[in-house]
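First the structure, in the form of structure tokens, and then the observations on it.
Numbering (the numbering used here), first residue to last: 3 to 117.
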């Protein structure tokens, strides 16, 4: 339970963050987007809410992103997602209901992340 500490963004060598199937609340800290070497971000099945950080495109090494089971996430997909879609090998949007997605990559996001 609790929130994801924003201080995790100051761990430049962090390669994987698997914080799923728990009672995490709050938002996804924008500071996580400074983890340019992060390869895996699994936050599924939690009570996180709000929007995806707008700088998510900074996660240029990300190959796995799981957001399923998070009904409280805001449905707006930031433009930055377009920058990392081609590197994602495993993306699970699950029940993430997209209400707005950048037109430049909306089809790719839907296909890659299954939303």
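Yeah, the Cβ is synthetic: ideal placement off N, Cα and C, and Gly gets one too.
(request) Identify which residue in 3, 89, 31 and 32 has its Cα closest to the Cα of residue 22. (result) Taking the chain shown and counting its residues from 1, one reaches residue 22 at position 20. For the set 3, 89, 31 and 32, the Cα lying nearest the Cα of residue 22 is the one of 3.
(message) Taking the straight line between their C-alpha atoms, what separation do you get for residue 104 and residue 85?
(response) Reading the chain shown from its first residue, position 102 is the one you call residue 104. Reading the chain shown from its first residue, position 83 is the one you call residue 85. Using only the alpha carbons, I get a separation of about 11 Å.
(request) Could you give the DSSP three-state label for residue 109: helix, strand or coil? (result) Residue numbering aside, residue 109 sits at position 107 when the chain shown is read from its first letter. Collapsing the DSSP output to three states places residue 109 in a helix.
(request) State buried or exposed for residue 17, treating a residue as buried only when at least 16 other CB atoms are found within 10 Å of its CB. (result) Start at 1 with the first residue of the chain shown, and residue 17 comes out as number 15. Exposed: under 16 other Cβ atoms inside 10 Å.
(message) Tell me which residue opens and which closes the alpha helix (DSSP H) that residue 84 is part of.
(response) Here residue 84 refers to the residue found at position 82 of the chain shown. Per DSSP, residue 84 is one residue of the alpha helix (DSSP H) stretching across 83–86.
(message) Between which residues of its own chain and residue 80 is the CB-CB distance below 6 Å, once the five residues before and five after are set aside?
(response) Counting from one through the chain shown, the residue named residue 80 turns up at place 78. Around residue 80, the same chain offers 54, 56 and 58 as residues with beta carbons nearer than 6 Å, after the five sequence neighbours per side are excluded.
(message) Starting from residue 18, trace the beta strand (DSSP E) in both directions and tell me its first and last residue.
(response) For this step, residue 18 is matched to residue 16 along the chain shown. Start and end: 18–20.
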